[in-house]
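Asks:
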Amino acid sequence: MPYDAPGHADELSDELRERWNETIGRAFAAQNEALKKRFFTLDPDGLREPRSSDAIKWPGDPGKPAYCVGEDNARALSDWGLTGRRAVQLEYCEYMIVSARDATGALRPKRVEITTEFREFWACVAMHDPDKVRAMAAGVLGTEPTWEELYGVGDPRALTPEEREIAFGHACAGHGNDRRLRVAGVPAQPTGRLNMERALFMTHPINGIDDLIYVGIFGAHAYCVSDRDLRRQASGDDVFSAFKVTHLACNHADPTISLGVYDLVYHGKQVAFANPLGMYIREPNLEVFSYAGKALPADWVRFSRGKPGSYMRLEFGPPDDHEAFLDDITLSLGAADQPLTGGYQLLRELEIGPLVRVGETDPIAEDEWEVLEPAAATIACDEAESCQAVRDLLVRFESEHAGRKAPRTMPGAAT
Amino acid sequence: MAALQEGIYHAPGNRPGRHFGLLFLRVADGVDAPRAAAALGDLWAMYQGLKAGRVRDLDGVELPADKDETTVLLGFGRNAFKLAGTALARPRGLADEYLFRSADPDGGGPLLRGSGLSYAPDVHANMATEAFCVQVIAESKLAVDRAVVETWKALADAGDPVLALTTFYLGNQRNDHRSWIDFYDGLSNLRSEDREGVIAIGPGTDEGWAVGGTYIAFMRLAIDLVGWRRLSRTDQELAVGRDKRSGCPLVELGEDGAPRADPGCPVAGTQIFESANDGPFAEPPEVSDLAVRASHVQRANHHIRPASDFGSRRIFRQGYEFLEWAEGPPGFRAGLNFVSFQDTPGRLLKMMTAGGWLGGANFGGDEDKHPELASLLSVYGAGIYFVPPVVDGEPFPGAAALGVALASPPPPEPAPPPPEPAPPPPEPAASPTGGAAAPQE
Chain W
83 MPYDAPGHAD ELSDELRERW NETIGRAFAA QNEALKKRFF TLDPDGLREP RSSDAIKWPG
143 DPGKPAYCVG EDNARALSDW GLTGRRAVQL EYCEYMIVSA RDATGALRPK RVEITTEFRE
203 FWACVAMHDP DKVRAMAAGV LGTEPTWEEL YGVGDPRALT PEEREIAFGH ACAGHGNDRR
263 LRVAGVPAQP TGRLNMERAL FMTHPINGID DLIYVGIFGA HAYCVSDRDL RRQASGDDVF
323 SAFKVTHLAC NHADPTISLG VYDLVYHGKQ VAFANPLGMY IREPNLEVFS YAGKALPADW
383 VRFSRGKPGS YMRLEFGPPD DHEAFLDDIT LSLGAADQPL TGGYQLLREL EIGPLVRVGE
443 TDPIAEDEWE VLEPAAATIA CDEAESCQAV RDLLVRFESE HAGRKAPRTM PGAAT
Chain A
1257 MAALQEGIYH APGNRPGRHF GLLFLRVADG VDAPRAAAAL GDLWAMYQGL KAGRVRDLDG
1317 VELPADKDET TVLLGFGRNA FKLAGTALAR PRGLADEYLF RSADPDGGGP LLRGSGLSYA
1377 PDVHANMATE AFCVQVIAES KLAVDRAVVE TWKALADAGD PVLALTTFYL GNQRNDHRSW
1437 IDFYDGLSNL RSEDREGVIA IGPGTDEGWA VGGTYIAFMR LAIDLVGWRR LSRTDQELAV
1497 GRDKRSGCPL VELGEDGAPR ADPGCPVAGT QIFESANDGP FAEPPEVSDL AVRASHVQRA
1557 NHHIRPASDF GSRRIFRQGY EFLEWAEGPP GFRAGLNFVS FQDTPGRLLK MMTAGGWLGG
1617 ANFGGDEDKH PELASLLSVY GAGIYFVPPV VDGEPFPGAA ALGVALASPP PPEPAPPPPE
1677 PAPPPPEPAA SPTGGAAAPQ E
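In the order they appear, the protein sequences are chains W and A. To convert, count from 1 in the first sequence and add 82; that's the numbering used here. To convert, count from 1 in the second sequence and add 1256; that's the numbering used here.
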C-alpha cells in the first residue's frame, strides 16, 4: 500500500508512513472475506490504465435526520453543539460552532470549524510520534496543547505506543469501535476538551476508515438483477434490500460510496481509493455568501489540512478580532437571503468525499455475477424503527429548549 | 393512489409532442381558494374536452384531435398557497430558498446568487411567477395555440374575473434534435431507469399529500447567437462538451489542442440520438482534462450515483426551442424554453450555483477567455411550480390543496340482472378432447 498522510497535510517519516498503511490494512483485513472481490483494491498504483474519478461525493449536511424529522428539525439537531455532533453528524464530516459574546453580552456564533480528518490517522501519529501529533494539533488549534490535554498524562514519551494510543483515545479520539481500545476501557467519544470544544478531527466511530472501506467493498461487486430474462444494473433499492441493509440508503455518504463504486464495477472497472486516502472538502461557491452586501473577506474562509481540492479542514467566519459574527453573514439561496447561524446551512453548500482511482480490469465472468431479487418496494427513509433514535433526540432537544426563543445564540455551542 | 401527471415524458419510448405551451394564470385580488378552485375545475374540464376534440363554442362538433396527443399539466406556484382558505401548507419545494429571484425593476438582475445567469436588461419583471401554470404539449401547433385561446375564452366567459391569463410562452421541438446553437441537445438526459426516482416526490417526507407529485422548473433562455457565432468551432465544442457535427461527447484535448471524442462514437451506422448510442455515448463520460471538465455537459453532470439522491443533482429535462421577433439586430430572439422536472427544485438550483458545477457560470466553457460565453444566455422569465399528483377522486390535480373535498368513490356496480335463458347452443364440433368450440366474435 502506498498511502501518504491524508491530504499530504503532514510529512511522514518512513516508519510513520508504514504504521499508517498498517492501520489502513488492518481496517481492510477486519472486513468479512466474502465482501472482498477483485473489483476493489488498496493498491491504486497497481491499477491498469488508471484515471481519477470525482463522482463519489455528497452534501456534507446530515441526511438521516432530514429524512426522519424534516430539514428544519435536522438543522436544529445538527447545530446542537456537542450533542448534535455526536448524534447526527455521520456523513464523514463533523463540526463545532465556536461562539463568543457580542457587545451586548449575548452569546453568538462566531465561526464554524469543520473537519473531515480520520481519527485513525491522528491516533496512529499519537501512538508513534507524540511530538508530531502535538505539532499537528498546534497547527489546527492555533496554540500548542499541553501533553495533559492530548494524552491526559504529563509525559507521553514515557508510555509504550499501546499505552499512548489508549491515553490519546481517552483524551482526544475515543475508541473508534476498535475492540482493543474498548477492552481497555476507552469510551466511544473522547472526554478531553480539545476535541469536544473544538473540532480537531472526526471522532464518531461511523466516520472511520473501517466504515468507509466497508461501504466501498460492499459496492464493489458484480451485482445485477434478472428482469424478464434480461440482466440489468441493480438499483439502490435492489442492492440494499437484498442484503437487508436498507439503513445504508438513508443518508448521503453510504449510498453514494456503495453505489458509486458499484456503478464503476458494473461497467467493468476496478476501483481504489486514491493516494492519499482521506475525506476531502470540494471547493464551494463562495458567491452565495456575503457580508454587508459584499463578498466575504478572504480571511473569513480558511481552508487547511490539505491542498486546493483536497482540504480536510475549514474554518468559516470572521476572525476573533473582527466585530462581526457568523450570523452577520448572509447566505443567499434562491430568492431567500438568510443569516448564517450554524454549520448545517454551511454543510449544505459543501461536497465531501474521498478521491477515487479507477482502472481497467478483466471482463466480469459469468460466475462472478451476483444476481439479486428486485426490491419489492422503495426504501422509505422515514420508517419508524430506523428513525426512532432521531425522533427521541428531537424530543430531548425540544424539552431542553422549551420556552426558549429561536436560537440566534447557538444551543450548547462552545465558547 | 397518487401518480405523476401527464405531460412528463419519462417512460422509455414515450416521446413528447412537438409543440409546447406554458400558460400562467393569476388569481384576481380578493379571490379565495374555493373560488379559484371552482375556476380551475372549469378550466380543467375544458382542457379535457379539448383533448377529446370538443370546443365549447362549437357545440356538437367533433374536431380531429386524436392525432394531437395533447397533454395538459397543472402547476401550483407559491402564490396559490397564499389564497385564503387554502387547505394545505405551501410545499417545502416552494420555500423562498427554492425559487428564482425577481428581476430588477430597472431591468436585468441575477436569477440566483452564485449563478452566472441573469435576466435580460430589457426584462423589468418576471412574468413567469403566478399562482398557477398550465403546460400544454401536443403534436400540432394548432392544438397548443387552441388551448391558449380557449383558456382566454373560458376565463372571459366567467361572470366574475377569478383567473387571468397573464402571459404564455410557446416553443417547438426540432426534428434534427439540435438546438439554435447547432449542437445536438437533450442527449444526456437521465437513464430511463433513473427517471422516476429523480422526478417523483417519494415516500419519506412529512408532506404525504405531495408524494407522487413533482416540481417543474421553467426558464425562458434567450441565446446570443451573434456572440456564439464569433467563436470558433473548437471553442464552441469546448463550451458544450460535444463534437458539433456528431454530437459525441468530448473526452480529451489532443496534443494539437483540438478536442477529441471517443473514436468509436457514434455506433457505426447510427446517429448519436438513436437508441444504440444511449448506453455507451449519450451520457458524457467522466473526464480528467480540465478544459473538457469546464464544458457545459460536464459541469451539469458529475456522474454521482444514485441519481435518486439529491446530491447527484440530476434532473429530467424536457425543453423546447423558441423563435420570436425582437427589436434590434439580428431582428429576432432565439432561445430555449428550459423545462425540467425533479423531486425538489434544490437539485436544479444547486447544480446552477455550486462550485465545480455551473456555479458562477452562464453556460460553461472558458468564460474568462471568451466573454461571449459569460453572456450567452439571458433570462426572459423563470418560475418554479409544484405539480401535484393525480389522486383518485380529485376533480383536478391539487384540488385538495385548495380545499376541495375528494369525491366519494363511485358506488359499486349493481349486480347484473340474471341472464336471459340462453338458446340451446349449437352442437359442438366434434373434438377429440370433448371441449366446446371457440365462441364466435
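Cβ coordinates follow ideal geometry from the N, Cα and C atoms, glycine included. Model, not experiment: these values are computed from the prediction.
Assess, as a yes-or-no matter, whether the stretch 458-470 of chain W is touched by the stretch 1448-1460 of chain A under the definition of 3 or more beta carbon pairs within less than 8 Å.
Replies: These segments touch.
Asks: Do you know whose CA, among 202(W), 206(W), 255(W) and 167(W), lies nearest residue 194(W)'s CA?
Replies: That would be 167(W), whose Cα lies nearest to the Cα of residue 194(W).
Asks: Between residue 211(W) and residue 98(W), what straight-line distance do the alpha-carbon atoms span, to the nearest angstrom?
Replies: Answer to the nearest angstrom: the Cα atoms are 8 Å apart.
Asks: Buried or exposed: where does residue 1304(A) fall if 16 or more other Cβ atoms within 10 Å of its Cβ makes it buried?
Replies: Exposed, since its Cβ has fewer than 16 Cβ neighbours within 10 Å.
Asks: Whole angstroms is fine: what's the gap from residue 1606(A)'s alpha carbon to residue 160(W)'s?
Replies: Going by the C-alpha atoms only, they are around 21 Å apart.
Asks: Applying a beta-carbon distance threshold of less than 8 Å, which residues of chain A neighbour residue 176(W)?
Replies: Result: empty, since nearest Cβ-Cβ is about 18 Å, beyond 8 Å.
Asks: If you compare alpha carbons, which of 226(W), 149(W), 264(W) and 428(W) is closest to residue 414(W)?
Replies: Ranking the options by Cα distance to residue 414(W), first place goes to 428(W).
Asks: Return the CA-CA distance between residue 1297(A) and residue 1658(A), expressed in angstroms with no decimal places.
Replies: Their Cα atoms are separated by approximately 11 Å.
Asks: Looking at chain A, which residues of the stretch 407-423 of chain W have a Cβ within less than 7 Å of any of its Cβ atoms?
Replies: Going along the stretch 407-423 of chain W in chain order, one finds 414, 415, 416, 417 and 418 with a Cβ nearer than 7 Å to chain A.
Asks: Using 9 Å as the threshold, is the C-beta distance between residue 422(W) and residue 411(W) below it?
Replies: Contact: yes.
Asks: Can you list, in chain order, the residues of its chain whose CB lies under 6 Å from that of residue 392(W), leaving out five sequence neighbours each side?
Replies: So the list reads 89 and 362, once near-sequence residues are dropped.
Asks: What are the uninterrupted segments assigned as beta strand (DSSP E) that are 3 or more residues long and contained completely in the stretch 1399-1451 of chain A, given in chain order?
Replies: Listed in chain order, the complete beta strand (DSSP E) runs (minimum 3 residues) inside the stretch 1399-1451 of chain A are 1419-1428.
Asks: Between residue 417(W) and residue 1352(A), which are expected to be in contact by the criterion C-beta below 8 Å, what is the C-beta distance as a whole number of angstroms?
Replies: Residue 417(W) to residue 1352(A), Cβ: 5 Å. Contact.
Asks: Would you list, in chain order, the members of the stretch 122-147 of chain W that have their beta-carbon closer than 9 Å to a beta-carbon of chain A?
Replies: Listed by position along the chain: 133, 134, 135, 136, 137, 138, 139, 140, 141 and 145.
Asks: Out of 373(W), 398(W) and 376(W), state which residue places its alpha-carbon closest to the alpha-carbon of residue 383(W).
Replies: Ranking 373(W), 398(W) and 376(W) by Cα distance to residue 383(W) puts 398(W) first.
Asks: Looking only at its own chain, which residues have a Cβ that is under 8 Å from the Cβ of residue 1440(A), when we skip the five neighbours before and after it?
Replies: Closer than 8 Å at Cβ, skipping near neighbours: 1433, 1434, 1498, 1503, 1528 and 1529.
Asks: Can you give, in chain order, each stretch of the alpha helix (DSSP H) that sits fully within the stretch 405-462 of chain W and has at least 4 residues?
Replies: Whole alpha helix (DSSP H) segments, 4+ residues: 425-429.
Asks: Using a C-beta to C-beta distance shorter than 7 Å, which residues of chain A count as neighbours of residue 370(W)?
Replies: What residue 370(W) touches in chain A: 1369, 1370 and 1609.
Asks: Interface residues of chain A around residue 341(W) at Cβ under 7 Å?
Replies: The answer, in chain order, is 1561 and 1562.
Asks: Assign residue 175(W) to one of three DSSP states: helix, strand, or coil.
Replies: Residue 175(W): coil per DSSP, three-state reduction.
Asks: Within 10 Å of its beta-carbon, does residue 467(W) have 16 or more other beta-carbons around it, so buried, or fewer, so exposed?
Replies: With fewer than 16 other Cβ atoms within 10 Å, it is exposed.
Asks: Note down, in chain order, each residue of its chain lying with its Cβ closer than 8 Å to the Cβ of residue 356(W), except the 5 sequence neighbours on either side.
Replies: Cβ neighbours of residue 356(W) beyond the five flanking positions: 126, 134, 436, 437, 438 and 439.
Asks: Check distances from the C-beta atoms of the stretch 312-330 of chain W to those of chain A and list, in chain order, the residues that come in under 8 Å.
Replies: Result list: 314, 315, 317 and 318.
Asks: Taking 6 Å as the limit between beta carbons, can you name the residues of its chain near residue 121(W), skipping five residues before and five after?
Replies: For residue 121(W), where only same-chain residues beyond five positions count, the Cβ hits under 6 Å are 302, 347 and 352.
Asks: Quick one: give me the first and last residue of the beta strand (DSSP E) that residue 190(W) is part of.
Replies: Element bounds for residue 190(W): 189-197.
Asks: State the Cα-Cα distance for the pair residue 370(W) and residue 291(W), rounded to the nearest angstrom.
Replies: So the two alpha carbons sit approximately 32 Å from each other.
Asks: Give every residue of the same chain whose Cβ lies closer than 7 Å to the Cβ of residue 324(W), excluding the five residues on either side of it in the sequence, and list them in chain order.
Replies: Cβ within range, chain order: 454 and 455.
Asks: Go to residue 293(W), then tell me how far its alpha helix (DSSP H) extends in each direction, as first and last residue.
Replies: Counting along the chain, the alpha helix (DSSP H) containing residue 293(W) begins and ends at 291-301.
Asks: So with Cβ pairs under 9 Å, would you call residue 1348(A) a contact of chain D?
Replies: Protein chains W and A are contained in the structure displayed, whereas chain D is not.
Asks: Using three-state DSSP, classify residue 222(W) as helix, strand or coil.
Replies: Here residue 222(W) sits in helix by DSSP.
Asks: For the 8 Å Cβ check, are there 3 or more pairs between the stretch 1606-1618 of chain A and the stretch 1485-1492 of chain A?
Replies: They do not touch, by the three-pair rule.
Asks: Can you tell which of 1286(A), 1438(A), 1368(A) and 1419(A) has the C-alpha that lies nearest to the C-alpha of residue 1590(A)?
Replies: Comparing Cα-Cα distances from residue 1590(A) to each of 1286(A), 1438(A), 1368(A) and 1419(A), the minimum goes to 1438(A).
Asks: If we count the other Cβ atoms within 10 Å of its Cβ and call it buried at 16 or more, is residue 1473(A) buried or exposed?
Replies: Residue 1473(A) comes out buried.
Asks: Helix, strand or coil for residue 1356(A), going by three-state DSSP, please let me know.
Replies: Looking at residue 1356(A) - three-state DSSP - the assignment turns out to be coil, as it is neither helix nor strand.
Asks: Starting from the C-beta of residue 445(W), find all residues in its chain whose C-beta is less than 8 Å away, skip the five residues before and the five after it, and write them out in chain order.
Replies: Counting only Cβ-Cβ distances below 8 Å, and skipping sequence neighbours, we find 350.
Asks: Under a CB-based cut-off of 9 Å, is residue 364(W) close to chain A?
Replies: By this cut-off, residue 364(W) is an interface position.
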